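Single-structure report; data block below.
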Amino acid sequence: MLFFILFNYTILRDTKDVLVVTAPNSGAEIIPFLKTYVNLPSAVLFTLIYSSLCNKMPTDKVFYIVMTAFLSFFGAFAGIIYPNRMLLHPNAAADWLTTFLPVFFMPLIAIFRNWTYALFYTLANLWGSVVVSLLFWGFANEITTVDEAKKYYPLFGLMANVALIFSGQYVKYVSNLRSGLPAGTDLWGHSLKLLMAAVVAGGGVVMALMGFMQSKVLTDPACVDPTKEAKRKKQKTKMSMSESAKFLSNSPYIKDLATLVIGYGMAINIVEVTWKSKLKAAFPDPNSYSVFMGNFSSTTGVVTLLMMLAGRFIFKRFGWGTAALITPITLLTTGIAFFSLTLFPAFFAPITAKLGTTPLMLAVMIGAAQNILSKGAKYSLFDPCKEMAYIPLDAESKTKGKAAVDVIGNPLGKSGGSFIQQILIGFFGSLQASTPYLGGILGLVIVAWIRAANSLSKQFKAKSAEMEKRDWPLQDFEKKEQ
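Sequential numbering of the sequence shown, starting at 26, is according to my numbering.
Right, dumping it as structure tokens:
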């Protein structure tokens with residue numbers, strides 16, 4: 026399941042960037058505005074809908090409803106929406122708005138002009154928050170113990186991140202097919218249809234595997250203890266939205282978890298937008314951009330696989346607390362390297378000359394290395410740590426707490442970083458002039474992240490111990506029966 030979910034996510038993530046960054050009258054500058062004014066409200070709206078659905082029907086039905094909605098849109102985008110984009114995009118109205126609105130509003134006008142791309146970007150982002158974090162990991166956390174998670178979660182990631190390699194190469198393969206197409210063909214439109222066909226097919230496999238798990242695995246006494254499965258189903262509680270919000274806001278544990286997620290979102294956003302602006306300058310053609318992103322995703326998959334192998338040893342030898350600190354430290358050190366290149370290009374000029382490349386390509390490559398290492402640490406250590414932290418919680422905290430933290434927290438972190446960038450760009454006039462201040466803010470965010478990780482480590486140990494004590498009577502009884 027996780028393989029196909031991440032296979033789809035990689036394709037969607039690469040495609041959404043190609044669409045919005047290379048769109049007419051657009052660029053990487055619109056990403057902070059998308060994350061603040063489109064992604065975050067959409068995440069909040071989804072969380073409200075999801076919480077309402079969880080109160081009204083079983084989680085497996087919610088899973089199928091959400092998956093069907095996502096796959097229907099992505100299929101329709103490639104087959105219907107994109108081919109008719111010139112009819113759907115209000116280019117004349119957008120051109121009229123540019124004649125009298127200040128420059129600050131240009132990114133918002135670009136979003137309005139290319140609103141179908143913005144919608145695709147938003148739903149592609151939500152796939153990561155909803156399908157990966159909420160649906161899959163929520164299901165895994167319900168049926169897994171802490172000890173099992175420490176053993177198997179790194180392996181889940183190890184197998185699943187093979188998806189990054191396969192999907193990255195698939196994106197590259199599809200983008201390179203344009204060389205054999207006849208003249209006059211919409212090259213990117215053809216690539217888009219093949220990419221979305223793979224997404225819909227992968228989603229279908231995920232739904233089929235979920236059905237198999239529900240009907241064959243969870244009902245098999247050889248795989249799942251029937252008493253524990255019955256207990257899990259009975260644990261579901263129902264709270265109103267106001268009661269849920271009050272419940273979650275009073276939990277230090279959930280607050281620290283949210284700080285981890287928000288901290289990652291803000292930190293990666295601060296360093297990512299500048300890199301993508303340089304990436305567009307190096308690869309202005311959508312297919313060339315897509316080929317680079319395909320190679321980027323495959324390399325990320327290879328690096329993550331290697332880090333996954335180390336991750337299992339880290340969990341076993343050093344524990345949850347150490348594993349949780351590696352991602353922020355990695356982001357801090359690689360961020361320093363990237364910002365140093367951006368702030369002091371003259372210092373690196375001799376190195377650029379010796380390498381036989383241009384300053385632009387060196388910045389693209391160093392930024393790519395920073396993103397690969399950061400994402401590798403996230404997938405191999407940060408995500409397993411975060412998911413393990415939900416296991417000792419009660420049913421309400423697992424479902425609605427996870428929805429609040431993962432679906433809202435991640436966009437909130439990214440939109441928070443985007444909002445900071447908007448303020449600094451408005452005050453200093455450009456992203457380049459704002460870079461020194463963004464570097465300082467990055468440091469403060471990571472310090473807060475590290476403090477929350479240390480606090481959560483202590484709480485996690487305490488709750489895990491409580492969970493083991495709750496299970497001991499049942500385990501002792503089972504031993505006596507045997």
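Note that the Cβ used here is the ideal one computed from N, Cα and C, for glycine as well.
Owing to the predicted nature of the structure, the values given are computational and were not obtained by experimental measurement.
- Item | CB contact flag (residue 63, residue 134, <8 angstroms) | no
- Can you tell me which of the three DSSP states residue 147 falls into? helix
- Taking all protein chains shown into account, decide if residue 207 is buried (16 or more other Cβ within 10 angstroms of its Cβ) or exposed. exposed
- Task: Check whether the region 56–73 touches the region 151–171, counting contact only when three or more Cβ pairs, one atom from each stretch, lie closer than 8 angstroms.
- Result: yes
- Is it true that the region 305–314 meets the region 366–380, where meeting means three or more beta-carbon pairs spaced less than 8 angstroms apart? no
- Using the C-alpha atoms, what's the distance from residue 86 back to residue 78? 9 angstroms
- Message: Pairs of beta-carbons, one from the region 188–204 and one from the region 49–68, closer than 8 angstroms: are there three or more?
- Response: no
- Rounded distance between the beta-carbons of residue 325 and residue 391, thought under 8 angstroms: Going by Cβ atoms, the distance from residue 391 to residue 325 rounds to 15 angstroms, so no, they are not a contact pair.
- Item | Assigned exposure category for residue 83 - 16 Cβ within 10 Å defines buried | exposed
- Query: Between which two residues does the alpha helix (DSSP H) harbouring residue 122 extend?
  - Reply: 116–123
- Would you check if the distance between the CB atom of residue 295 and the CB atom of residue 442 is smaller than 8 angstroms? yes
- Query: For residue 395, which option in 383, 380, 352 has the closest C-alpha, if you only look at C-alpha atoms?
  - Reply: 352
- Is residue 166 helix, strand or coil when you go by DSSP? helix
- Task: Tell me whether residue 358 is buried or exposed, calling it buried when 16 or more other Cβ atoms sit within 10 Å of its Cβ.
- Result: exposed
- Message: Does the contact criterion of 3 or more C-beta pairs under 8 angstroms hold for the region 313–320 versus the region 462–471?
- Response: no
- Query: Nearest-angstrom Cα distance between residue 277 and residue 478?
  - Reply: 12 angstroms
- Message: Between which two residues does the alpha helix (DSSP H) holding residue 224 run?
- Response: 212–237
- Whose C-beta lies closer than 6 angstroms to the C-beta of residue 362 among residues of the same chain, with five residues either side of it excluded? none
- Message: Does residue 260 come out as helix, strand or coil in the three-state DSSP assignment?
- Response: Model confidence at residue 260 stands at a pLDDT of 48, short of 50, so the residue's coordinates are unreliable; what they give is reported in the following sentence. Correct three-state label for residue 260: coil.
- Query: Does DSSP classify residue 381 as helix, strand or coil?
  - Reply: coil
- Where do the N-terminal and C-terminal ends of the alpha helix (DSSP H) with residue 152 fall, by residue? Counting along the chain, residue 152 falls outside any alpha helix (DSSP H), and DSSP gives it neither H nor E.
- Query: Taking Cβ to Cβ, would you say residue 286 is nearer than 8 angstroms to residue 411?
  - Reply: yes
- Message: Taking 8 angstroms as the limit between beta carbons, can you name the residues of its chain near residue 473, skipping five residues before and five after?
- Response: 284, 288
- Message: If you reduce the DSSP assignment to three classes, tell me which class residue 343 lands in.
- Response: coil
- Smallest Cα separation from residue 213: which of 27, 364, 48, 57? 48
- With DSSP as the reference, label residue 52 as helix, strand or coil. coil
- Neighbour-count burial assignment, residue 198, 16 or more Cβ in a 10 Å radius: exposed
- Task: Assign residue 64 to one of three DSSP states: helix, strand, or coil.
- Result: helix
- Query: Are at least three pairs of beta-carbons, each pair with one atom in the region 377–387 and one in the region 118–134, less than 8 angstroms apart?
  - Reply: no
- Message: For residue 202, would you say it is in contact with chain C, using Cβ-to-Cβ distances shorter than 8 angstroms as the test?
- Response: Annotation note: the requested chain C is absent from the structure, which comprises a single protein chain.
- Query: Could you give the distance in angstroms between the alpha-carbon of residue 459 and the alpha-carbon of residue 281?
  - Reply: 29 angstroms
- Inter-stretch contact (C-beta, 8 angstroms, three-pair minimum) for the region 143–150 and the region 27–42: yes
- Task: Just mark residue 127 as buried or exposed, buried being the case when its beta carbon has 16 or more other beta carbons within 10 Å.
- Result: exposed
- Please state if the CB of residue 170 and the CB of residue 416 are separated by a distance shorter than 8 angstroms. yes
- May I ask which residues mark the beginning and end of the alpha helix (DSSP H) holding residue 45? 27–46
- Would you kindly check if the distance between the Cβ of residue 138 and the Cβ of residue 165 is under 8 angstroms? no
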